[in-house]
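Residue 6 in UniProt numbering sits at position 6 of the sequence shown, with consecutive numbering throughout.
Note sheet for the following structure.
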Amino acid sequence: MIEKEKTSQTLYDTECSKCGKGFLRKPNESITCPDCREEIRKRKALTEIEQEQVERVRAEIEKIVTPPIKNYVLGYIHNLSQLEIELKRNVDHI
1 MIEKEKTSQT LYDTECSKCG KGFLRKPNES ITCPDCREEI RKRKALTEIE QEQVERVRAE
61 IEKIVTPPIK NYVLGYIHNL SQLEIELKRN VDHI
């Protein structure tokens, strides 16, 4: 534990839970370093954009494809997006 005199706030010498890099954190602050937090924030924003793209493609398919084929195609797209999400999770754990 390190005391900062200027701010009179306690900072804890912490190891990042994601990358293992050491950093100083405030009480009640995340145990991930600022770099990893930024990376996580960007990834979340990217997945939201990807989800919007999937929804747009799904809407276009619904306009074009006939009902029996539509369910097959939409199921296929759903499976692909689930595989992509799972793949990203596995890559993050490596």
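Note that CB positions come from ideal geometry on N, CA and C, so glycine has one too.
Remember, it's a predicted structure, so these values are computed and weren't measured experimentally.
Measure the CB-CB distance between residue i and residue j and report whether it falls below 9 Å.
i: Arg58; j: Ile77; result: yes
i: Phe23; j: Thr14; result: yes
Compute the Euclidean distance between the alpha carbons of residue i and residue j, then round it to the nearest angstrom.
i: Glu50; j: Val91; result: 18 Å
i: Tyr12; j: Glu55; result: 43 Å
i: Glu86; j: Asn79; result: 11 Å
i: Ser17; j: Glu84; result: 24 Å
i: residue 100; j: Asn28; result: Because the chain here runs from 1 to 94, residue 100 falls outside it and cannot be looked at.
i: Arg41; j: Lys70; result: 34 Å
i: Gly75; j: Gln53; result: 16 Å
i: Pro68; j: Gln82; result: 22 Å
Can you tell me whether DSSP reads residue i as helix, strand or coil?
i: Thr14; result: strand
i: Gly20; result: coil
Leaving out the 5 sequence neighbours to the left and right, which residues in its chain are closer than 7 Å to residue i when beta-carbon positions are compared?
i: Cys19; result: Cys33, Cys36
i: Val73; result: Ile61, Val65
Skipping 5 residues on each side, what residues in its chain have a beta carbon closer than 6 Å to that of residue i?
i: Lys21; result: Cys33
i: Glu39; result: none
To which residues of the same chain is residue i closer than 8 Å at the C-beta, ignoring the five residues directly before and after it?
i: Arg25; result: Leu11, Tyr12, Thr14, Ile31
i: Glu5; result: With a pLDDT of only 49 at Glu5, under the threshold of 50, the placement of this residue in the model should not be trusted; the figure read from the coordinates follows. The answer is none, since no qualifying residue turns up.
If we count Cβ pairs, one from each stretch, closer than 8 Å, do we get three or more for the region 41 to 49 versus the region 61 to 73?
-> Under the Cβ criterion (8 Å, minimum of three pairs), the region 41 to 49 does not count as touching the region 61 to 73.
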